[in-house]
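**Q** If you read the protein sequences in the order shown, they are chains H and L.
0 is the number of the first residue of the first sequence in numbering that gives the first Met the number 0; add one for each residue after it.
0 is the number of the first residue of the second sequence in numbering that gives the first Met the number 0; add one for each residue after it.
Built from N, CA and C at the ideal position, the CB exists for glycine as well.
All figures in this text were calculated on a predicted structure; none of them were measured in a lab.
2 protein chains.
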Amino acid sequence: MFKKVLIAEDHESSNISIRKALEDFGCLNNDHVYYCDDALKRINHALKTGNEYDLLITDLSFEEDEIPQTIGTGTELIKAVKELQPNIKVLVFSAESKGAIIDNLFKELNINAFVRKARRDVTELKQAFDAICNQKTYLSASLRRSIQYSNAYEFKEFDIILISLLSKGVLQKDIPTHLKAKKIKPSGLSSVEKRLNYMKEVLSFNNNEQLIAFCKDIGVI
Amino acid sequence: MFKKVLIAEDHESSNISIRKALEDFGCLNNDHVYYCDDALKRINHALKTGNEYDLLITDLSFEEDEIPQTIGTGTELIKAVKELQPNIKVLVFSAESKGAIIDNLFKELNINAFVRKARRDVTELKQAFDAICNQKTYLSASLRRSIQYSNAYEFKEFDIILISLLSKGVLQKDIPTHLKAKKIKPSGLSSVEKRLNYMKEVLSFNNNEQLIAFCKDIGVI
DNA sequence: GATATACTTACGGGAATCCGTAAAAGAAGA
DNA sequence: TCTTCTTTTACGGATTCCCGTAAGTATATC
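1. Please state the DSSP three-state secondary structure of residue 186 (chain L).
2. Are the beta-carbon atoms of residue 168 (chain H) and residue 213 (chain L) separated by less than 7 Å?
3. What is the rounded straight-line gap between the Cα of residue 182 (chain H) and the Cα of residue 49 (chain H)?
4. Which residue or residues does DSSP assign as beta-bridge partners of residue 88 (chain L)?
5. What separation, rounded to the nearest whole angstrom, lies between the Cα atoms of residue 34 (chain H) and residue 18 (chain H)?
6. Contact criterion: CB-CB distance below 7 Å. Does residue 54 (chain H) meet it with respect to chain L?
7. In this structure, does DSSP put residue 112 (chain H) in helix, strand or coil?
8. Just how far apart, CA to CA, sit residue 105 (chain L) and residue 120 (chain L)?
9. Just to make sure I have the definition right: I need the residues of chain H whose C-beta is within less than 8 Å of the C-beta of residue 166 (chain L). Which are they?
10. Does the CB of residue 116 (chain L) have a neighbour CB from chain H at under 7 Å?
11. From what residue to what residue does the alpha helix (DSSP H) around residue 83 (chain L) run?
12. Heavy atom of the ligand ADP less than 6 Å from the Cβ of residue 121 (chain H), yes or no?
13. Would you mind reading off the limits of the beta strand (DSSP E) that contains residue 5 (chain L)?
14. Tell me residue 31 (chain H)'s beta-bridge partners as DSSP assigns them.
15. Where do the N-terminal and C-terminal ends of the alpha helix (DSSP H) with residue 143 (chain H) fall, by residue?
16. Give me the Cα-Cα distance between residue 10 (chain L) and residue 30 (chain H), rounded to the nearest whole angstrom.
17. Would you decide whether residue 39 (chain H) is buried or exposed? Buried here means 16 or more other CB atoms lie within 10 Å of its CB.
18. With DSSP as the reference, identify every bridge partner of residue 250 (chain L), one or two as the case may be.
19. Can you tell me where the alpha helix (DSSP H) with residue 67 (chain L) in it begins and where it stops?
20. Classify residue 93 (chain L) as helix, strand or coil using the three-state DSSP reduction.
21. Give me, in chain order, the residues of the same chain whose beta-carbon lies closer than 7 Å to that of residue 178 (chain H); leave out the 5 immediate sequence neighbours on both sides.
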């Protein structure tokens, strides 16, 4: 069982349901905040006073309002929290469904569970609590299949740079200039062309527009 | 006060929070369903047995799963319900934030309240209950101002057809063929070019890739 | 029927992209 | 150091796209 849990979730309705799920699970010692900055403060304070949290439940997207925040997203929050307290368990509760993004959370940030806001989300939350208690990871049922399959092609860092530049309105012929400015290794126009053509060939796409649409769909940009 | 309320919301977490908000407001006589079809059945049955609902709370988007549904969206549900029981009050609880869509709900479907799933959504739900009880309409605070402004450019049906074709990999020069096949009115290549250029000019974009990325972001494709 | 207006299509020159080939530059191993 | 192999860059022709102009078509008004 968890000794102490912190909930970071801006939507009042989700926040309430998470608390209720925790209480149903038998965990009554939980705090909740509506802003990332507050979450980090709590984590920090708890560490200093010697009664740290052992689980952080957080959303990914937090809406901006009149109160300016240093940390604006769940991803940033997790990074900051893990620097303070590397051993903390993390459960992400979000409406995100793009495989690439969720995959990255497990691989890069070592989160312990991802529950998607969806039909049976509260049931899944409790299953995730259980998994974490048993030192296992948890991923929403609806996402388990589609997590690998979307990776028909693994986008390298260079690929994503090219695609991002295009989607920001940089013309293909101007990409070498941008690459040189950022000292990125292959910067010739031919390399750019070759790489874009290679991606389209592997994915059997016909034009750049289709490539951009695909990358937006799976969340790599 | 409401005599009887029906909640149609597929997300378990939101469903729970709505129920809790209703109970906090003092309304204990409420039913909840997770599918539109079930909602319509309940409305129908209640009418026949003479103890009809006086408020329907519904989401807009319902996720498909293994159980096939006749009614798939909140908008369709509201239409169907109003045909059975025109006097029923309707509160829409959704993450939707596009002014055009919400505006349409009030104008075309005569809904009584729209609460956006956001930071203070439960508080707003209670304010909306209060407004409806007093025969008033309610709209989330964050949406009251920005109801028009989000439309930097209103995409017409033709625009979306063009963008969709491109994002599916159809080359620009081949678009006229597709348009003629579907008997879409302006089908000349020049018209296609002109329209794409117009969109890019209005949005001050440099290339098609940027346009595709934008449309993916705001959800028109 | 003539005219005006708006919209659609056709055409052509120039720019950008596509695509193959070849030269140049690095990297690795003997 | 030289050779071999890989990667990057340079170049050029074909294709596609961009963009302005002109011609065609439809509708409405008088």
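**A** For this structure:
1. Stepping through the second sequence from its first residue, residue 186 (chain L) is reached at position 187. Residue state, collapsed to three classes: coil.
2. As a working mapping, residue 168 (chain H) is identified with position 169 in the first sequence. As a working mapping, residue 213 (chain L) is identified with position 214 in the second sequence. Their beta carbons are not under 7 Å apart, which means residue 168 (chain H) does not touch residue 213 (chain L) by this criterion.
3. Counting from 1 along the first sequence, the entry for residue 182 (chain H) is found at position 183. Counting from 1 along the first sequence, the entry for residue 49 (chain H) is found at position 50. Looking at the two C-alpha atoms, the distance is approximately 46 Å.
4. For this step, residue 88 (chain L) is matched to residue 89 along the second sequence. Answer is L:54.
5. In the first sequence, counting from the first residue as 1, residue 34 (chain H) sits at position 35. In the first sequence, counting from the first residue as 1, residue 18 (chain H) sits at position 19. Distance between the alpha carbons of residue 34 (chain H) and residue 18 (chain H): 16 Å.
6. Against the first sequence, residue 54 (chain H) aligns to sequence position 55. Not one chain L Cβ lies under 7 Å of residue 54 (chain H).
7. For the purposes of this step, residue 112 (chain H) is identified with residue 113 of the first sequence, where counting begins at 1. In the structure shown, residue 112 (chain H) sits in a strand (DSSP, three-state: E or B).
8. Translated into the one-based positions of the second sequence, residue 105 (chain L) becomes position 106. Translated into the one-based positions of the second sequence, residue 120 (chain L) becomes position 121. So the two alpha carbons sit approximately 19 Å from each other.
9. Walking along the second sequence from the start, residue 166 (chain L) turns up at place 167. Correct list: 208, 209, 211, 212.
10. Numbered from its first residue, the second sequence carries residue 116 (chain L) at position 117. By this cut-off, residue 116 (chain L) is an interface position.
11. Translated into the one-based positions of the second sequence, residue 83 (chain L) becomes position 84. Counting along the chain, the alpha helix (DSSP H) containing residue 83 (chain L) begins and ends at 73 to 83.
12. Looking at this structure, you won't find the ligand ADP or any other ligand, since it has none at all.
13. Position 6 of the second sequence holds residue 5 (chain L). That run of the beta strand (DSSP E) goes 4 to 7.
14. Locating residue 31 (chain H) in the first sequence gives position 32, counting from the first residue. Residue 31 (chain H) pairs with H:6.
15. For the purposes of this step, residue 143 (chain H) is taken as the residue at position 144 of the first sequence. That run of the alpha helix (DSSP H) goes 140 to 143.
16. Numbered from 1 along the second sequence, position 11 holds the residue referred to as residue 10 (chain L). Numbered from 1 along the first sequence, position 31 holds the residue referred to as residue 30 (chain H). The alpha-carbon atoms of residue 10 (chain L) and residue 30 (chain H) are separated by roughly 23 Å.
17. Working through the first sequence from its first residue, we reach residue 39 (chain H) at position 40. Answer is buried; the Cβ neighbour count reaches 16.
18. The displayed coordinates of chain L run from 0 to 220. Any statement about residue 250 (chain L) would go beyond what the structure contains.
19. For the purposes of this step, residue 67 (chain L) is taken as residue 68 along the second sequence, with counting starting at 1. Unbroken run through residue 67 (chain L): none, as it is neither H nor E.
20. Locating residue 93 (chain L) in the second sequence gives position 94, counting from the first residue. In this structure, residue 93 (chain L) counts as strand in the three-state DSSP scheme.
21. Within the first sequence, numbered from 1, the residue matching residue 178 (chain H) stands at position 179. Contacts found: 186.
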